[in-house]
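Trainee: I am attaching a structure below and will ask some questions about it afterwards.
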Amino acid sequence: MPIASDGPHFGPGALALCAGLGYVVALAATLSAWHFLAAEQNARAMGRFGSQVADDLAYLAVEPMMRPDRIRLGLLAKRMVERPEVRSIEMYSVDGTELVVEGNPRPDGPTYLSQVAIQDTVAGHVRVMLHEDRFRPQTAALLSRSWWLFAAGFVVVAGAAYGYGRLSTRTRRTATIAGPDTESDTSPSRFFVLVATMFPHSDVDDDGRGDVLSRSMTLAERVANLYAAEAVPWRNTGLALLFPASTSDDRAFEVVCAALLVQRLLGAPPRDDPADAAQPSPGASSSPFRLGLDLVTGDWVDDQSAVVDAASAEAVAVLASLAPDGALVLGRAAYAAVVDAERVRLQAFDNPAFQTLSDAAVPEGIVLGTDSSHDALIAQQADLVARASP
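If you want it as structure tokens, here you go:
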């Protein structure tokens, strides 16, 4: 009987996967933006560099081109082409005669022209071609040198998301179990408390009492795992199960089912027929326990096991002590919290000691069972838990 959830939630693994994918998308978008912006900036830088080289070469080539001095022009072109950004240098006379060619010119490369002139006299022109790849963004080089940083960022982001998911899951579980009463440390907390105590005149001797309590605690812990509860010993005479209340409408009914499951596991005989249960016989019961269940409210505690020391929990133990042998007495507060209470079959509780009870725990009746479908489910759970127990 699962506890109702307040909406869909992502698990830690799914959250880590989403965070990792988001990191990859963000990284790809950032690198793409950087690449295109750098490409645009480098294109402008290449234009400025090519024009400047062409202008400088034209200025230096004025005197040797006026003569013409091919040797000096060749030395000048060779010196210019030694720059890593320059692919080739070409010099032509005013009539288009080729004077100098240095490097490896290509027809499709970025080319920059400049006239060689002094005052109004044009002596020729120079043609400068650059290595375009020298001005491209080094995105591939950046990835090859920094891949480990990007991988480390992926691990950190995914790991942080996974840790946050685990922490959120734990917080949601705590909030679901404790309900809205955990909004502040001073707000009251509400627990369904089930107390099972061994009555003094049971058939269990003192030597076997410890074994019975140990086995009963093992069974109670298995039930606690099924119903989001905590099992604790009760003053060396029994055990208690603490069920934090939640916002689920069926939480109270779940707790009643859990109490009936504990009753079966502790050896109480089945009470399928209300007529048979109407006359409980102490001698016919094989269970040395009596059980009481009620809803108690108190100050918030960080340790749930501290609830058993509260006076309201003590009143539930009194309920259990007044129950017939092997029977389960349901308190009025717990019964009032059950939605569709007709699902719980009760027998009137008539005990002269009732007047000694405090207002903290008022008996509503002896639980005979639930509707047929849930009784069958409880029987199946009891069989599974009993088989799993050593």
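Taking this note's numbering, the leading residue of the sequence shown gets 140, the next gets one more, and so forth.
Every residue gets a Cβ at the ideal spot worked out from N, C-alpha and C, and that includes glycine.
Remember, predicted model here, so these are calculated numbers, not experimental data.
Can you give me the Cβ contacts of F392 inside the same chain, cut-off strictly under 6 Å, excluding the 5 residues immediately before and after it?
Mentor: For F392, where only same-chain residues beyond five positions count, the Cβ hits under 6 Å are V477.
Trainee: By the three-class DSSP mapping on this structure, what secondary structure does Q402 have?
Mentor: The answer is helix: DSSP assigns Q402 an H, G or I state.
Trainee: Enumerate in chain order the residues of its own chain whose CB-to-CB distance from D415 is below 6 Å, with the five nearest sequence positions on each side excluded.
Mentor: Since pLDDT at D415 reaches only 44, below the 50 mark, its modelled position is unreliable, and no value is offered.
Trainee: Which whole-angstrom value describes the C-beta separation of R209 and V240, a residue pair presumed to lie in contact below a C-beta threshold of 8 Å?
Mentor: With a Cβ gap of about 11 Å, R209 and V240 do not count as contacting.
Trainee: Within 10 angstroms of its Cβ, does V362 collect 16 or more other Cβ (buried), or is it exposed?
Mentor: Buried, since its Cβ has 16 or more Cβ neighbours within 10 Å.
Trainee: Once you ignore the five residues that flank I257 on each side, which residues in its own chain have a CB closer than 8 Å to its CB?
Mentor: So the qualifying residues of the chain are V201 and M205.
Trainee: In chain order, what residues of the same chain lie with their CB nearer than 6 Å to the CB of F382, ignoring the 5 residues before and after it?
Mentor: Once the five neighbours on either side are set aside, the close Cβ partners of F382 are F331, A368 and V394.
Trainee: Can you grab the Cα-Cα spacing for the pair A473 / G431, in whole Å?
Mentor: If I take the Cα positions, the gap works out to 11 Å.
Trainee: Around the Cβ of F175, are there at least 16 other Cβ atoms within 10 angstroms (buried) or fewer (exposed)?
Mentor: Counting Cβ neighbours within 10 Å, F175 comes out exposed, since fewer than 16 surround it.
Trainee: Threshold first: 4 residues or longer. Then list the alpha helix (DSSP H) segments lying entirely within the segment 338 to 392, N to C.
Mentor: The qualifying runs are 345 to 365.
Trainee: Given a cut-off of 8 Å on the beta-carbon distance, is the pair T455 and D489 in contact?
Mentor: The question names Thr, yet the displayed sequence has Val at residue 455. No, the pair does not count as a contact, with Cβ atoms beyond the cut-off.
Trainee: What are the start and end residues of the alpha helix (DSSP H) that includes Q519?
Mentor: Per DSSP, Q519 belongs to the alpha helix (DSSP H) from S511 to A527.
Trainee: Please classify S227: does DSSP put it in a helix, a strand, or coil?
Mentor: Correct three-state label for S227: strand.
Trainee: Can the beta-carbon of T509 be found closer than 8 Å to that of R471?
Mentor: For T509 and R471, no; Cβs fall outside 8 Å.
Trainee: Hey, out of R245, S385, T250 and L212, whose CA is closest to R187's CA?
Mentor: Checked all of R245, S385, T250 and L212; the closest Cα to R187 is T250.
Trainee: Near L170, what residues of its chain come up, given a Cβ to Cβ distance below 7 Å and the 5 sequence neighbours on each side ignored?
Mentor: Once the five neighbours on either side are set aside, the close Cβ partners of L170 are T278.
Trainee: With a 10 Å radius around its C-beta and 16 neighbouring C-beta atoms as the bar for buried, classify P203 as buried or exposed.
Mentor: P203 should be labelled buried.
Trainee: Which class does L333 belong to by DSSP, given the choice of helix, strand or coil?
Mentor: Note: L333 maps to strand in three-state DSSP.
Trainee: What does a CB cutoff of less than 6 Å around V501 pick up in its chain, not counting 5 residues either side in sequence?
Mentor: Counting only Cβ-Cβ distances below 6 Å, and skipping sequence neighbours, we find R471.
Trainee: Is it right to say G263 is buried, meaning 16 or more other beta carbons lie within 10 angstroms of its own, or is it exposed?
Mentor: Buried.
Trainee: Which value, in whole angstroms, describes the spacing of the CA atoms of A515 and M356?
Mentor: Those two C-alpha atoms are separated by around 24 Å.
Trainee: Answer yes if the segment 299 to 309 comes into contact with the segment 230 to 238, meaning at least three C-beta pairs across the two stretches below 8 Å, and no otherwise.
Mentor: Counting Cβ pairs under 8 Å, fewer than three are found: no touch.
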